[in-house]
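According to my numbering, the sequence shown is numbered sequentially starting from 6. The C-beta atom is built at its ideal place from N, Cα and C for all residues, glycine as well. What follows is a short report on a single structure.
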Amino acid sequence: MKSYIVGNWKMNFSVGESSVYLHKLLQRLRGSRSLEVVVAPSSIALQPLSLQTDRKKIRLAAQTANSHDFGAYTGEISCTQLRGLVDYCIIGHSERRQLFHLTDKDVRATVAAALRNQITPILCLGETAAEHTFGETHDVLRDQLLGGLSEVSTEDLSRVIIAYEPVWAISTTTGAHLAAPEEVAATIKYLRQLLTDTYGADTAEALPILYGGSVNPSNAGAYLTIPGVNGLLVGSASLIADQFLEIIEIAKRVQD
Ligand code: 13P
Numbered sequence: 006m007k008s009y010i011v012g013n014w015k016m017n018f019s020v021g022e023s024s025v026y027l028h029k030l031l032q033r034l035r036g037s038r039s040l041e042v043v044v045a046p047s048s049i050a051l052q053p054l055s056l057q058t059d060r061k062k063i064r065l066a067a068q069t070a071n072s073h074d075f076g077a078y079t080g081e082i083s084c085t086q087l088r089g090l091v092d093y094c095i096i097g098h099s100e101r102r103q104l105f106h107l108t109d110k111d112v113r114a115t116v117a118a119a120l121r122n123q124i125t126p127i128l129c130l131g132e133t134a135a136e137h138t139f140g141e142t143h144d145v146l147r148d149q150l151l152g153g154l155s156e157v158s159t160e161d162l163s164r165v166i167i168a169y170e171p172v173w174a175i176s177t178t179t180g181a182h183l184a185a186p187e188e189v190a191a192t193i194k195y196l197r198q199l200l201t202d203t204y205g206a207d208t209a210e211a212l213p214i215l216y217g218g219s220v221n222p223s224n225a226g227a228y229l230t231i232p233g234v235n236g237l238l239v240g241s242a243s244l245i246a247d248q249f250l251e252i253i254e255i256a257k258r259v260q261d
């Protein structure tokens, strides 16, 4: 199966800096059929970067989108507007859920909006530190996963990517904890089983699941070799070219 290395730049880089950074990555990357490299810049950089990028090497993702196609939603950007600029859209990132009150209903509707606009949704799941401590991880992930996919037809499931990011493991630079690969492996196994029980083994196996949460060149190999993990969603380390490129190299080695 194809692997994915997705860099989520979050609210970093000006449009000019984004362009310079993309240029640097394009110069140093070779295209690969089996490994998709994706970056998610700030929304104001998507239009110029869509003209600059070489889609054989790097594809673009939006960091979020509104579920409506158009209308009176001041400040929002729809999948209809993103259509043609991006191939992917990150949906339901924990920062959007926690800081901007994104609900499960919004997430579900945005997944459907992305699909009807020919954009691949990267549906993010993850339990908070408190949910983790109180043993609620499985319940939370089940609701987020099955809820997020509830408007997706069986046919369209082949156009969806899942990203598991435990909230307590995001940005260890600011005090979070690194998730042990063994624990991630157990959770990925649970998610695969849930998908198998719900949609059948063939559909479940074909759905890519990415891992995210303080991924860097020293731990990327350990996460990428977890059975059932098909790639990584990288935050801080994706902002540093050498680190992001090293993670991509590690992913290529793991595939070989
Ligand atoms: P960090 O890699 O900085 O922990 O961020 C992970 C993330 O939230 C990617 O979407």
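Taking 7 angstroms as the cut-off, is the C-beta of residue 106 nearer than that to any heavy atom in ligand 1?
On the sequence shown, residue 106 is found 101 positions in, with the first residue counted as 1. The answer is no for residue 106.
For residue 44, which beta-bridge partners are listed by DSSP?
Here residue 44 corresponds to residue number 39 of the sequence shown, with the count starting at 1. Its beta-bridge partners are 12 and 65.
So is the beta-carbon of residue 5 under 7 angstroms away from any non-hydrogen atom of ligand 1?
Absent from the model: residue 5. The displayed extent of the chain is 6 to 261, so no value can be given.
Along the chain, where does the alpha helix (DSSP H) that runs through residue 186 open and close?
Here the question's residue 186 lines up with position 181 in the sequence shown. That run of the alpha helix (DSSP H) goes 186–204.
Quick check: residue 83 and residue 67, are their CB atoms within less than 8 angstroms of each other?
By 1-based counting over the sequence shown, the position of residue 83 is 78. By 1-based counting over the sequence shown, the position of residue 67 is 62. Result no, Cβ atoms of residue 83 and residue 67 do not sit closer than 8 angstroms.
If you follow the alpha helix (DSSP H) that residue 142 is part of, which residue opens it and which one closes it?
Here residue 142 refers to the residue found at position 137 when the sequence shown is read from its first residue. Annotation: the continuous alpha helix (DSSP H) that includes residue 142 extends over 142–153.
Rounded to the nearest angstrom, what separates residue 154 and residue 258 at their Cα positions?
Reading the sequence shown from its first residue, position 149 is the one you call residue 154. Reading the sequence shown from its first residue, position 253 is the one you call residue 258. Going from the Cα of residue 154 to the Cα of residue 258 covers about 32 angstroms.
Does the distance from the C-beta atom of residue 195 to that of residue 143 stay below 8 angstroms?
Here the question's residue 195 lines up with position 190 in the sequence shown. Here the question's residue 143 lines up with position 138 in the sequence shown. With respect to the 8 angstroms criterion, residue 195 and residue 143 are classified as neighbours on the basis of their beta carbons.
Taking C-alpha atoms, which residue in 167, 114 and 156 lies nearest to residue 131?
Stepping through the sequence shown from its first residue, residue 131 is reached at position 126. That would be 167, whose Cα lies nearest to the Cα of residue 131.
Assign residue 23 to one of three DSSP states: helix, strand, or coil.
Residue 23 sits at position 18 when you count from the first residue of the sequence shown. Correct three-state label for residue 23: helix.
Tell me the DSSP secondary structure of residue 77 in three-state form.
Here residue 77 refers to the residue found at position 72 when the sequence shown is read from its first residue. The answer is coil: DSSP assigns residue 77 none of H, G, I, E or B.
Drop a sphere of 10 angstroms on the beta-carbon of residue 252, count the other beta-carbons inside from all chains shown, and report buried for 16 or more, exposed for fewer.
Start at 1 with the first residue of the sequence shown, and residue 252 comes out as number 247. Result: buried.
Do you know offhand how far residue 227's Cα is from residue 186's?
Working through the sequence shown from its first residue, we reach residue 227 at position 222. Working through the sequence shown from its first residue, we reach residue 186 at position 181. So the alpha carbons of these two residues sit roughly 6 angstroms apart.
Would you say the beta carbon of residue 175 comes nearer than 7 angstroms to a heavy atom of ligand 1?
One-based indexing of the sequence shown puts residue 175 at position 170. Result yes, Cβ under 7 angstroms from ligand 1.
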